[in-house]
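S.K.: Taking my numbering, I'd label the letters of the sequence shown as residues 862 to 1254.
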Amino acid sequence: MGISSAVVLAGGEGSRVRPLTSNRPKPLLPAATTPILEHVFDQLIDAGITDITVVVGYKRNRVQAHFGSTYRNVPLTYVVQEQQLGSGHALLAAESEVDEAVLVVNGDQFVESPIIADVLASHTGDTVGTLGVLNRVEIGSYGGVIVEDGTVTEIVENPQDDRTYRLNAGVYAFEPAIFDAIYDAEPQAGEYSLTDAISELCTDGAIGATRSAGTWVDATYPWDLLDISFELLESGLLETHGNTSVAESTTVHDSAIVREPVVIASDCEIGANAVVGPYTCLGENTTVGSNAVVERSVLDADTRVESGATVVDCVTGLGVTIGPGTTIPGGPGDVRVGNQVFEGEQLGALLSDRVEDRGGSTYVPGTVVGSETVIEAGATVRGTVSDGTEVRS
């Protein structure tokens, strides 16, 4: 009998996408107009999973309130990771729910169902685990996997040599013996890494690999929320689950222009002579005023773009107001994430929950604005602005 149960690791905050995670966990951030975690559930169910255990932690009540006890008639069981001490630690939180082979995925990555199905089909129980891998030119920090004759021999974080690496897709089928391997692995800086446990098992040939093809997008940094949404717009996967370009309850003025690809959720309003798209996602109850332009942006629910504003390469949180005549000209820009500066990223601005821009402002590309901030009329906004700040002109 094949694997029918999955564990979804959704307990982390997502510190590298702050300040969007000040009020909700990263798996609830939008990919297009739908929480990332909802996409994860859809792809699991499409691949044949019929029972899901969700590891929650940071702001767990938000996740449980959003999804409840079932999703698409599949039962959801929640287990709590009280402290966020790594991916291995997160999986240990679900140990009591696992008594046979199980699929494990991350709650903040979009992985298309064929990749999941390939891992399910490839795992025979002859190994402790089977890992899904992808062909990618850029491996980055996701983990480069060396595969020989279908067996994982090594996982290298951020590989620098010229060997042939596969990308670790973060999709695993495990036997219950994985828990012993996690306990046996030496914690690093107080954290239990799932990758470290797998690496130890590789020395015994206990981890298989299956190579797949399909859509795979991670949301590690703020600009990744644009990339994951654009990937979904291009792939056609949104239509698979009933999303339409423009919801029936949305009002679009006759003189407005909507340029595909877009997804505009329910109860939005597009004003006279406004231009929306291409590559734009508007969450529920979002308003785009007359003569405003919104392009290559992901605006979460209850965002207001007032008349004459220009918004490009922008991500907003909930309940944001972008005032009349404000200009967010788009990237590339330099973005500070924690103590690190990323140069030349395609991010016009990130405006977190309930930012109020009072109009006529200009944003330097790469600007990140914290929640509850007020931008006074005519201000120039740059860099990283802390939560609750008042930015004067």
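We treat Cβ as the ideally placed atom computed from N, Cα and C, and that holds for glycine.
Which residues in the same chain as I1000 place their Cβ atom closer than 7 Å to its Cβ, once the five residues preceding and following it in sequence are excluded?
M.R.: Here residue 1000 refers to the residue found at position 139 of the sequence shown. P1020, Y1026 and L1028.
S.K.: Using 10 angstroms around the beta-carbon of P936, count the other beta-carbons present and answer buried if the total reaches 16, otherwise exposed.
M.R.: One-based indexing of the sequence shown puts residue 936 at position 75. Under this definition P936 is an exposed residue.
S.K.: Let me check understanding here. Comparing Cα to Cα, which of E1251, V959, S883 and E973 lies closest to F902?
M.R.: Looking up residue 902 in the sequence shown gives position 41. It is E973 whose Cα lies nearest to the Cα of F902.
S.K.: Of the residues G1192, N1200 and G1249, which one's Cα is nearest the Cα of T1228?
M.R.: As a working mapping, residue 1228 is identified with position 367 in the sequence shown. The shortest C-alpha separation from T1228 is found at G1192.
S.K.: Where DSSP assigns a beta bridge to N1029, which residues make up the other side?
M.R.: Your numbering for residue 1029 matches position 168 in the sequence shown. Paired residue(s): V994.
S.K.: What are the start and end residues of each continuous alpha helix (DSSP H) run of 4 or more residues lying completely inside the region 998–1067, in chain order?
M.R.: Here the runs fully enclosed are 1039–1045 and 1055–1063.
S.K.: Rank E1121, D1128 and V1123 by C-alpha distance to the C-alpha of T1112 and give the top, closest one.
M.R.: Taking the first residue of the sequence shown as position 1, residue 1112 is located at position 251. Among E1121, D1128 and V1123, the Cα nearest to that of T1112 is on D1128.
S.K.: Who are the near neighbours of A1210 in its chain, counting only those whose CB is closer than 6 Å to its CB and skipping five residues on each side?
M.R.: For the purposes of this step, residue 1210 is identified with residue 349 of the sequence shown, where counting begins at 1. For A1210, where only same-chain residues beyond five positions count, the Cβ hits under 6 Å are C1175, I1189, Y1224 and T1228.
S.K.: Put I826 into one of helix, strand or coil per three-state DSSP.
M.R.: Outside the shown range of the chain, which is 862 to 1254, sits residue 826, and nothing can be said about it.
S.K.: Please report the straight-line C-alpha distance between A1030 and V917, rounded to a whole angstrom.
M.R.: Against the sequence shown, residue 1030 aligns to sequence position 169. Against the sequence shown, residue 917 aligns to sequence position 56. Straight-line Cα distance between these residues: approximately 21 Å.
S.K.: Specify, as a first and last residue, the run of the alpha helix (DSSP H) that G951 falls within.
M.R.: Your numbering for residue 951 matches position 90 in the sequence shown. For the sequence presented, residue 951 should be read as Ala rather than Gly. Residues S948 to L953.
S.K.: With N922 as the anchor, note down where its alpha helix (DSSP H) starts and where it stops.
M.R.: Here the question's residue 922 lines up with position 61 in the sequence shown. It spans R921 to F928 - the alpha helix (DSSP H) in which N922 sits, taken as one unbroken run.
S.K.: Quick one: any contact between the region 931–945 and the region 983–991, if contact means 3 or more CB pairs under 8 Å?
M.R.: Because the criterion of three Cβ pairs below 8 Å is not met, the region 931–945 and the region 983–991 do not touch.
S.K.: Any idea if E1156 is buried or exposed, counting beta-carbon neighbours within 10 angstroms, 16 or more meaning buried?
M.R.: For the purposes of this step, residue 1156 is taken as residue 295 along the sequence shown, with counting starting at 1. E1156 should be labelled buried.
S.K.: Around the C-beta of R1024, are 16 or more other C-beta atoms found within 10 angstroms, so that it is buried, or is it exposed?
M.R.: Your numbering for residue 1024 matches position 163 in the sequence shown. It is exposed - the Cβ of R1024 has fewer than 16 other Cβ atoms within 10 Å.
S.K.: Please report the straight-line C-alpha distance between A1240 and S1168, rounded to a whole angstrom.
M.R.: Start at 1 with the first residue of the sequence shown, and residue 1240 comes out as number 379. Start at 1 with the first residue of the sequence shown, and residue 1168 comes out as number 307. Their Cα atoms are separated by approximately 17 Å.
S.K.: Below 8 Å, can you find three or more Cβ-Cβ pairs linking the region 952–966 to the region 873–884?
M.R.: Too few Cβ pairs lie closer than 8 Å, so no.
S.K.: From T1141 to A1038, what distance separates their C-alpha atoms?
M.R.: Residue mapping note: residue 1141 aligns to position 280 of the sequence shown, counting from 1. Residue mapping note: residue 1038 aligns to position 177 of the sequence shown, counting from 1. Distance between the alpha carbons of T1141 and A1038 is about 45 Å.
S.K.: Report all residues from its chain with a CB closer than 6 Å to the CB of V1107; omit the five preceding and five following residues, and keep chain order.
M.R.: By one-based count along the sequence shown, residue 1107 stands at place 246. These residues qualify, in order along the chain: I1125.
S.K.: Measuring straight from C-alpha to C-alpha, what distance separates L952 and F971?
M.R.: Within the sequence shown, the letter at position 91 stands for residue 952. Within the sequence shown, the letter at position 110 stands for residue 971. When rounded, the distance between both Cα atoms is 19 Å.
S.K.: What's the C-alpha gap between G875 and W1077?
M.R.: Residue 875 sits at position 14 when you count from the first residue of the sequence shown. Residue 1077 sits at position 216 when you count from the first residue of the sequence shown. Approximately 18 Å, taken between the alpha carbons.
S.K.: Should V1032 and V966 be called a contact, given that it needs their Cβ atoms to be closer than 8 Å?
M.R.: As a working mapping, residue 1032 is identified with position 171 in the sequence shown. As a working mapping, residue 966 is identified with position 105 in the sequence shown. In this structure, V966 lies closer than 8 Å to V1032 by Cβ.
S.K.: Keeping to the same chain, check which residues put their C-beta closer than 8 Å to that of I1016; ignore five residues upstream and five downstream.
M.R.: Residue mapping note: residue 1016 aligns to position 155 of the sequence shown, counting from 1. So the list reads G1004, G1005, V1006, I1007, N1029, T1056, I1059, S1060 and C1063, once near-sequence residues are dropped.
S.K.: Please determine, among D1010, R997 and L981, the residue with the shortest C-alpha to C-alpha distance to G1066.
M.R.: Looking up residue 1066 in the sequence shown gives position 205. With distances taken between Cα atoms, G1066 lies closest to D1010.
S.K.: To the nearest angstrom, how far is the alpha carbon of V1159 from that of P888?
M.R.: Walking along the sequence shown from the start, residue 1159 turns up at place 298. Walking along the sequence shown from the start, residue 888 turns up at place 27. Each residue's alpha carbon lies about 16 Å from the other.
S.K.: Look at the alpha carbon of I1236 and the alpha carbon of R1253, and state the distance between them as a whole number of angstroms.
M.R.: Indexing the sequence shown from 1 puts residue 1236 at position 375. Indexing the sequence shown from 1 puts residue 1253 at position 392. Computed Cα separation, rounded: 6 Å.
S.K.: Specify the secondary structure class of P936 as computed by DSSP and reduced to three states.
M.R.: Indexing the sequence shown from 1 puts residue 936 at position 75. Of the three classes helix, strand and coil, the one that applies to P936 here is strand, per DSSP.
S.K.: From the DSSP secondary-structure annotation, give me the bridge partner or partners of D912.
M.R.: In the sequence shown, residue 912 corresponds to position 51, counting from 1. According to DSSP, D912 bridges with S866.
S.K.: In this structure, does DSSP put A1210 in helix, strand or coil?
M.R.: For the purposes of this step, residue 1210 is taken as the residue at position 349 of the sequence shown. Strand at A1210.
S.K.: Using the Cβ count rule (16 or more neighbours within 10 Å means buried), how would you classify D942?
M.R.: For the purposes of this step, residue 942 is taken as the residue at position 81 of the sequence shown. As written in the sequence, residue 942 is Gln, which differs from the Asp given in the question. Its Cβ being crowded by 16 or more others within 10 Å, Q942 is buried.
S.K.: Straight-line CA distance for I977 to S866?
M.R.: As a position in the sequence shown, residue 977 is number 116, starting the count at 1. As a position in the sequence shown, residue 866 is number 5, starting the count at 1. Straight-line Cα distance between these residues: approximately 12 Å.
S.K.: Find the nearest neighbour of V980 within the set R1072, E956 and T1171, judged by alpha-carbon distance.
M.R.: One-based indexing of the sequence shown puts residue 980 at position 119. Selected option, being the one with the closest Cα: R1072.
S.K.: Rounded to whole angstroms, what's the CA-CA distance from V1230 to G990? Just pull it up for me.
M.R.: Counting from 1 along the sequence shown, the entry for residue 1230 is found at position 369. Counting from 1 along the sequence shown, the entry for residue 990 is found at position 129. Near 42 Å, if we compare the C-alpha coordinates of G990 and V1230.
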